[in-house]
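Asker:
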Amino acid sequence: MEGDFADGATGHVPGLTGPWREEAGDAVAHPYPWPRRAAGALLGCFTALAGLLYFAVPGALSLPFALWPRTRPRALALLSAGARGLTGLERVRRSVFYGDVFPAHHACDRDVLRYLAARTGAGILFAGVVALLGYGAVLAGLLASGIARDPADWLRLLPQAALGGLLLFLDLQGLFSLNALDARLARDHFGPSERELLKRRIAELADSRAGVLRAVDAERRRIERDLHDGVQQRLVALAMLLGRARRNRTPEQAEALLQQAHQASQEVLTELREVAWRVYPSALDDLGLEEALGGVAQRCGIPLHMEFALPLPLPRPVETAAYFVVCEAVTNAAKHSGATRIRVAVEGDGGQVSVSVRDNGTGGADPLGGGLSGLRSRVDALDGRLRIDSPCGGPTTITAELPCA
């Protein structure tokens, strides 16, 4: 919102690049052209003058009562009643000339008076800078007319022209800075406008999109690593066992090698099944979330207590995210925490589902670790929230809240 009437203040969200930055700029650009915003800034000079008169007359009259403790609350209440009217004018001015739509707001008496005093001071300073700018424009006109009458004087007037240009630059900087201060005061008092909330939302969506892309790349690298370091090596060993069995001329040794090859093939199938489950569990399609999580509990080497209470089936993206939250949290607890029991709770009310995994391990889980950061990206992509509470010494609680709408 800073620099509101600057020509070209398109409101781009910082940190975005490429088409995302362009879309963000189009979405949060000022709805009104700069002449209208400039008119709003000039009108702010008159509202500031009204505020100054209000503090000078009613404020001065109520000052003795405000200093006496017994009458202070009543005096502040009466003074703030008029101040609320002037503050309402400021809200209307920001809405009509700047397009700022603020949420419903009711401030206490002191906050109203504090805002009006700060806004009045900023507006009076703005009016003073505008007056200096007008005075400079008059002097510039006189200087130009003097040069027009006697062109030979331009060299003598050159230092004055340079000084005038410097003062013009400082005046414009003062105007933009004070206008930005006016916007900041309004935002702090009335709350963020819809345009400001939209800017924040766009930035959040851009961050979550980037996080999803990072998580997808990390998942691809993990799958490639699992296939290369696990499945591929086991297949090579299986091929070597079969080759030895085919070349061996002793039936007993060949039989033993074939038994080893059969065992190795079972291990390869198990590992392939684990990789496939980490990519996407087919049980979600065949059996649903509750049965898929039951399979996670069966494969877990730690006693796991499951509480499942969902009144309605979940959308597929939410169901998948809930499954992976449980899988990653249970895997971390089994591998790293030293936990002896795990509790999983999946609850929902139709509009939101809550997934909680709690273990009694040693705690100290790193939220920035690869698995948990990937979970956060997955949850953020659905506009959900992931909370990780893992103090040293435990217990660890991982909670994901996922909207179903």
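Numbering follows the UniProt record's numbering, in which position 219 of the sequence shown is assigned residue number 219; successive positions increment by one, without gaps. Positions of the beta carbon are idealized from the N, C-alpha and C atoms, including for glycine. Just so you know, these numbers come straight off a predicted model, no measurement behind them.
Pick from G348, L242, S337: whose alpha carbon is nearest that of P313?
Answerer: Comparing Cα-Cα distances from P313 to each of G348, L242, S337, the minimum goes to G348.
Asker: Measuring only the C-alpha atoms, how far is P73 from A66?
Answerer: About 7 Å.
Asker: What do you get for K335, buried or exposed, if any count of 16 or more other CB atoms within 10 angstroms of its CB means buried?
Answerer: Its Cβ having fewer than 16 others within 10 Å, K335 is exposed.
Asker: Judging by CA-CA distance, which residue of E319, V275, R234, D359 is the nearest neighbour of H305?
Answerer: Considering only alpha carbons, the answer is D359.
Asker: Go through the region 226-298 residue by residue and report every complete run of the alpha helix (DSSP H) that reaches 4 residues or more, in order.
Answerer: Counting only runs of 4 or more, we get 232-247, 251-279, 282-286.
Asker: What is the DSSP secondary structure of P403, reduced to helix, strand or coil?
Answerer: Of the three classes helix, strand and coil, the one that applies to P403 here is strand, per DSSP.
Asker: Regarding P313 and the ligand NAD, is the C-beta to nearest heavy atom distance less than 7 Å?
Answerer: Summarising the ligand content, the structure contains no ligands, and the ligand NAD is consequently not present.
Asker: Within the continuous alpha helix (DSSP H) that includes S80, where are the two ends?
Answerer: Start and end: 72-98.
Asker: Within the same chain, show all residues whose beta-carbon is closer than 7 Å to that of A27, passing over the 5 residues directly before and after it, in chain order.
Answerer: The predicted position of A27 is uncertain, since its pLDDT is 42 and thus under 50; a value taken from the coordinates is nonetheless stated next. Within the same chain, A27 has close Cβ partners L198, I202.
Asker: Name the one or two DSSP bridge partners that F308 has.
Answerer: Partner(s): V346.
Asker: Using CA atoms only, rank isn't needed, just tell me which of A122, D182, R387, S337 is closest to V52.
Answerer: First, the residue type needs correcting, since residue 52 is Leu and not Val in the sequence shown. For the residues A122, D182, R387, S337, the minimum Cα distance to L52 belongs to A122.
Asker: Just confirm the distance between the C-beta atoms of A322 and V355, as a whole number of angstroms; I'd bet it's less than 8 Å.
Answerer: Confirmed, Cβ separation roughly 5 Å.
Asker: So, are the CB atoms of V357 and A339 less than 8 Å apart?
Answerer: No.
Asker: Can you pull the DSSP bridge partners for R184?
Answerer: R184 is not bridged to any residue.
Asker: May I have the straight-line CA-CA distance separating L386 from I302, to the nearest angstrom?
Answerer: The straight-line gap from Cα to Cα measures roughly 24 Å.
Asker: What is the residue span of the beta strand (DSSP E) that residue 431 lies within?
Answerer: Coverage of the chain is limited to positions 1 through 405, which leaves residue 431 absent and any answer about it impossible.
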